[in-house]
Amino acid sequence: MEKKIIALAFMAINFIVMTSCINEPVDISDDTYIYRLIENTAYAKASQVKKNIIDYYTESNQPEKALKMIAAILPEYSKKDTISINYTHLLRNKAYSLANTGRYKEAIQLYEHILLINDSLIDKNAQTQALLIREQNNEKQFTIDKQKSILHSQQTTIIIISILLILLFILSRITICYHKILKDKNRKLFKKIKIEERVEKLEEKEVLCQSKAILSPSENIYRKLCELMEEDKIFSETELNRTKLAKLIGTNHCYIDDAIKQCSGKSTKEFIDNYRLRYAAQLLSEDKYNISMIAELCGYRSRGTFTRLFKERYGMSPTEYRTISQEEK
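Everything in the sequence shown is counted per the UniProt record's numbering, starting at 1 for the first residue and increasing by one.
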């Protein structure tokens, strides 16, 4: 009560200073004087000030004034939430003032109504507290779910990375094994190729060393073709065919086809490609030229055609042949 009186006193003094309309001395120790002074100011229209004035009237045993002011302010509170501490406080003052005026029945009824409001207020507070707890639990659950989601995401990421690492390891092992197998296969092929080349060269040397007198017409044609291939390397001409071979030897292209077929078992194109690819293998072993240059030196317009024919002939690409030939030196 003293705090309310002090607060109202300060408001009254402020009002006096601002308006300068009070000429008589002010005694702030006289609470009756202060409240009377405030009643005549604009401050008295404020809800909180009215409430403090009602408290003063109720505690200073001025029930009629309290009831009058309560009757004026009660509709304002009724429009708001009737289940509130301020509203029940106002009703307690009214019940107390009714009892002081001898209206006990009305006071008792009002107290019963206050008890009902208090119960509702307790329920409301309990609901509010329950809602607050539910919201807090929801926030906690959301945080837990979020952490679980992050943990699950991290675990999934770790599992995926682990699987990828395992697959990468397996792939690397497969690649290593594949290259080892391929290298072993190419090494065997290289040795086989070298043996076949030696056999072919021996057969060609045998034909070249024989006397022309004992050779058949087809063998003589074949011998001349081998000499042109070995000495002049005419296979390097991209336009070389049976017609040009026949012109160089001075015979018919049909005799060229027959002589090559009879002596080597190959067609004219296969015969030319055989010399080209043998020469290519030789150049690849020397490692002086790149593959495109070697293809051109051997009479091929396209590196792709050269690579395809070389792989068909030797079972490996020019690059693989070059690698294995360098290792076998």
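Glycine is no exception: its CB is placed at the ideal position from the N, C-alpha and C atoms.
Spatial distance of residue i from residue j (CA atoms)
| i | j | result |
| --- | --- | --- |
| Gln62 | Leu116 | 27 Å |
| Leu215 | Leu189 | 34 Å |
| Ile221 | Tyr314 | 28 Å |
| Cys21 | Leu110 | Because Cys21 sits at a pLDDT of 44, beneath the cut-off of 50, its placement in the model cannot be relied upon, and the point is left open. |
| Ile259 | Ala295 | The sequence shown places Ala at residue 259, rather than the Ile named in the question. For Ala259 and Ala295, the distance between alpha carbons rounds to 27 Å. |
| Lys205 | Ser302 | 31 Å |
| Asp27 | Gln129 | Per-residue confidence for Asp27 stands at a pLDDT of 48, beneath the threshold of 50, marking its modelled position as unreliable; the derived number appears in the next sentence. Rounded to the nearest angstrom, the two C-alpha atoms are 47 Å apart. |
| Glu219 | Glu203 | 12 Å |
| Ile158 | Gln136 | 32 Å |
| Ile122 | Leu131 | 14 Å |
| Glu237 | Ser172 | 44 Å |
| Phe169 | Glu139 | 44 Å |
| Tyr321 | Glu197 | 15 Å |
| Arg242 | Cys254 | 8 Å |
| Ile53 | Ile108 | 24 Å |
| Ala99 | Gln127 | 34 Å |
| Glu328 | Lys185 | 13 Å |
| Thr156 | Tyr178 | 32 Å |
| Ile195 | Lys244 | 31 Å |
| Val49 | Asp55 | 10 Å |
| Ile160 | Phe142 | 26 Å |
| Gln154 | Lys124 | 44 Å |
The alpha helix (DSSP H) enclosing residue i, as first and last residue numbers
| i | result |
| --- | --- |
| Asp257 | 253-264 |
| Gly304 | 303-314 |
| Asp287 | No alpha helix (DSSP H) contains Asp287, which DSSP labels as neither H nor E. |
| Arg92 | 85-100 |
| Leu215 | Per DSSP, Leu215 belongs to no alpha helix (DSSP H) and is neither H nor E. |
| Thr243 | 242-249 |
Beta-carbon proximity check, residue i vs residue j, cutoff 8 Å
| i | j | result |
| --- | --- | --- |
| Ser97 | Leu74 | no |
| Cys298 | Ala280 | yes |
| Ser325 | Ser292 | no |
| Ile256 | Ala246 | yes |
| Asn274 | Lys261 | no |
| Ile114 | Arg134 | no |
| Ile249 | Lys224 | yes |
| Lys94 | Ile70 | yes |
| Thr305 | Pro318 | no |
Of the residues the options, the one placed nearest residue i, counting alpha carbons only
| i | options | result |
| --- | --- | --- |
| Tyr300 | Glu327, Glu239, Arg103 | Glu239 |
| Ser84 | Leu164, Glu76, Asn118, Thr156 | Asn118 |
| Thr251 | Cys209, Ile108, Pro217 | Pro217 |
| His89 | Thr58, Glu230, Ile170, Ile158 | Thr58 |
| Glu227 | Thr307, Ile272, His253, Gln141 | Ile272 |
| Glu312 | Ser236, Leu277, Met229 | Leu277 |
| Arg187 | Lys50, Gln48, Thr323 | Thr323 |
| Leu309 | Phe169, Asn290, Lys269 | Lys269 |
| Met316 | Ala99, Ile161, Lys183, Arg242 | Lys183 |
| Glu200 | Lys185, Glu230, Ile181, Ile174 | Glu230 |
| Glu64 | Asn86, Lys180, Ile163, Arg103 | Arg103 |
| Glu76 | Ile161, Thr175, Asp145, Lys51 | Lys51 |
| Tyr87 | Ser120, Ser162, Lys146 | Ser120 |
Residue i (DSSP reduced to helix, strand or coil)
| i | result |
| --- | --- |
| Glu320 | helix |
| Tyr77 | helix |
| Tyr178 | helix |
| Gln326 | helix |
| Leu116 | helix |
| Gln226 | Strictly speaking, residue 226 in this sequence is Cys, with Gln absent from that position. Helix, per DSSP. |
| Lys186 | Looking at the sequence itself, residue 186 is Asn, so the reference to Lys does not match. Three-state result, Asn186: helix. |
| Ser60 | coil |
| Glu206 | helix |
| Tyr275 | helix |
| Arg173 | helix |
| Lys105 | helix |
| Glu139 | helix |
| Ala153 | A small fix is needed here, since residue 153 is Ser in this sequence, not Ala. If DSSP states are grouped into helix, strand and coil, Ser153 belongs with the helices. |
| Tyr111 | helix |
| Glu237 | coil |
| Ser267 | coil |
Neighbour flag for residue i against chain C, beta carbons, 8 Å
| i | result |
| --- | --- |
| Glu230 | Of the protein chains in the structure, only one exists, and it is not chain C. |
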